[in-house]
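Asker:
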Amino acid sequence: MDTARIGSNPEPQPELFYQATGSEVQLFEQADRFGMPVLIKGPTGCGKTRFIQHMAQRLGRKLYTVACHDDLTTADLVGRHLIGADGTFWQDGPLTRAVREGAICYLDEVIEARKDITVVLHPLADDRRILPLEATGEELQAAPGFMLVVSYNPGYRNLLKGLKPSTRQRFVAMSFDYPDAATESHIIQHESALDPARADQLVALGNAVRHLGQHDLEEAPSTRLLIHTARLIAAGMDPRQACEACMAQPLTDEPTAQAAIMDIVRLHFAEPGQVEARKKIA
Ligand SMILES: Nc1ncnc2c1ncn2[C@@H]1O[C@H](COP(=O)(O)OP(=O)(O)OP(=O)(O)O)[C@@H](O)[C@H]1O
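Position 90, counted from 1, in the sequence shown is what the working numbering calls 83; the numbers after and before it change by one each time, with no gaps.
Below you can see the structure in the form of structure tokens.
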């Protein structure tokens, strides 16, 4: 299908690094044990996708990922009849494949999808664990190991698009946020090979920019954004240039907000000349 980014992991992958920030791993394992679906909420780039990839590996399950959007229809998830050389044939969508195979189906930004998909999610997300395929007349019982996981960013939520209580109450819910400073620095070091001192500096800078708040920025700098910045710094780029390219510019188009971010950057990463001068004075 062409309207959704859909991925699966058919080949065994090298173990993905995931740094737990609480008891999310145990909670997910318990939800899996009881066949309960999981809802993960949290801001962009805080580790939701990485966590699910990690859990799929840990539980030895195949993972189907669907990036939801306005035009995503039930047929995109469940499947549709296609026309081939030998006539029409049915092609399973990613949700149906996951149900048949006992895999994990992850619907990223589920509130972006059209409301009608809740019709297929509801019987799957409660004790029935069934997927009715209207087009073929089948009613699939989810194979053991099937798990439905959905995520959304509460910051993007609008009144029209919130999940209905009858949907929400079917899920075990977890709330993700940016990790504490020591954990975030550890993640950055692992993902970028930046040295610990600079990673700590970058985290302090990230937290200072996060304190600018929603008046100045639509969304706070994510762990992902800090990792991008760290990679450029670790590769030898001037930290202020890296911060401008990976932080100030992606965060906002407002010149005043960009200037405010760069003021904070200069406080955390002095120009090389200033560092030398400070060393001499000291
Ligand atoms: N706890 C963590 N352990 C390991 N890596 C992490 C963790 N949190 C964030 N990361 C890093 O941050 C990057 C972004 O995280 P991820 O893609 O999981 O974000 P997300 O919450 O799914 O964002 P979005 O909602 O925008 O899709 C990951 O690729 C990974 O490098």
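Glycine is no exception: its CB is placed at the ideal position from the N, C-alpha and C atoms. From a predicted model like this one, the values you see are computed outputs, not experimental measurements.
With a Cβ-Cβ cutoff of 7 Å, do L114 and C98 count as a contact?
Answerer: No, the Cβ-Cβ distance between L114 and C98 is not below 7 Å.
Asker: CB of C239 to nearest heavy atom of ligand 1: below 6 Å?
Answerer: Result no, Cβ not under 6 Å from ligand 1.
Asker: For P7, collect the residues of the same chain with a Cβ closer than 8 Å to its Cβ; drop the 5 residues on either side in sequence, then sort them by chain order.
Answerer: Result list for P7: empty, nothing under 8 Å.
Asker: Quick check: the segment 129 to 149 against the segment 33 to 50, are at least 3 beta-carbon pairs closer than 8 Å?
Answerer: Short answer: they touch.
Asker: Taking the alpha carbon of D101 as the point to measure from, which residue in K55, H62 and D256 has its own alpha carbon closest?
Answerer: Among K55, H62 and D256, the Cα nearest to that of D101 is on H62.
Asker: On a CA-only basis, which of N200, T245, S178 and A24 is nearest A166? Give me that one, please.
Answerer: Checking every option, the nearest Cα to that of A166 belongs to A24.
Asker: Excluding the five sequence neighbours on either side, which residues of its own chain have a C-beta within less than 6 Å of the C-beta of G95, listed in chain order?
Answerer: Counting only Cβ-Cβ distances below 6 Å, and skipping sequence neighbours, we find A136, P137, G138 and F139.
Asker: Rounded to a whole number of angstroms, what is the C-alpha to C-alpha distance between A13 and G53?
Answerer: Cα to Cα, A13 sits roughly 18 Å from G53.
Asker: Just how far apart, CA to CA, sit E211 and R224?
Answerer: Distance between the alpha carbons of E211 and R224 is about 24 Å.
Asker: Any idea if G199 is buried or exposed, counting beta-carbon neighbours within 10 angstroms, 16 or more meaning buried?
Answerer: G199 comes out buried.
Asker: Starting from the N-terminal side, write out each stretch of the beta strand (DSSP E) that is 3 residues or longer and does not extend beyond the segment 91 to 141.
Answerer: Entirely contained in the segment 91 to 141, the beta strand (DSSP E) runs reaching 3 residues are, in chain order, 97 to 101, 123 to 126 and 131 to 134.
Asker: Taking C-alpha atoms, which residue in E247, L75, R259 and T216 lies nearest to G35?
Answerer: Here the closest residue by C-alpha is T216.
Asker: Return the bridge partner residues of H74 from the DSSP annotation.
Answerer: In DSSP, H74 forms a bridge with W83.
Asker: Is the beta carbon of Y145 less than 7 Å from the beta carbon of I104?
Answerer: Yes. Within cutoff.
Asker: Helix, strand or coil for L56, going by three-state DSSP, please let me know.
Answerer: L56 falls in the strand class under three-state DSSP.
Asker: Pick out whichever of T222, I257 and D64 has its Cα sitting closest to the Cα of I181.
Answerer: Residue T222 is the option with its Cα nearest to I181.
Asker: Of the residues A60, R90, G130 and D64, which one's Cα is nearest the Cα of D71?
Answerer: According to the sequence as given, residue 71 is Val; it is not Asp. Comparing Cα-Cα distances from V71 to each of A60, R90, G130 and D64, the minimum goes to R90.
Asker: Determine the direct distance from the alpha carbon of D79 to that of I123, and round the result to whole angstroms.
Answerer: Looking at the two C-alpha atoms, the distance is approximately 30 Å.
Asker: With a threshold of 6 Å, establish whether the CB of G38 neighbours any heavy atom of ligand 1.
Answerer: Checking the Cβ of G38 against ligand 1 gives yes.
Asker: Can you find the residues in the same chain that come closer than 8 Å, C-beta to C-beta, to L126, ignoring five residues on each side of it along the sequence?
Answerer: Cβ within range, chain order: V71, G72, T89, E132 and L133.
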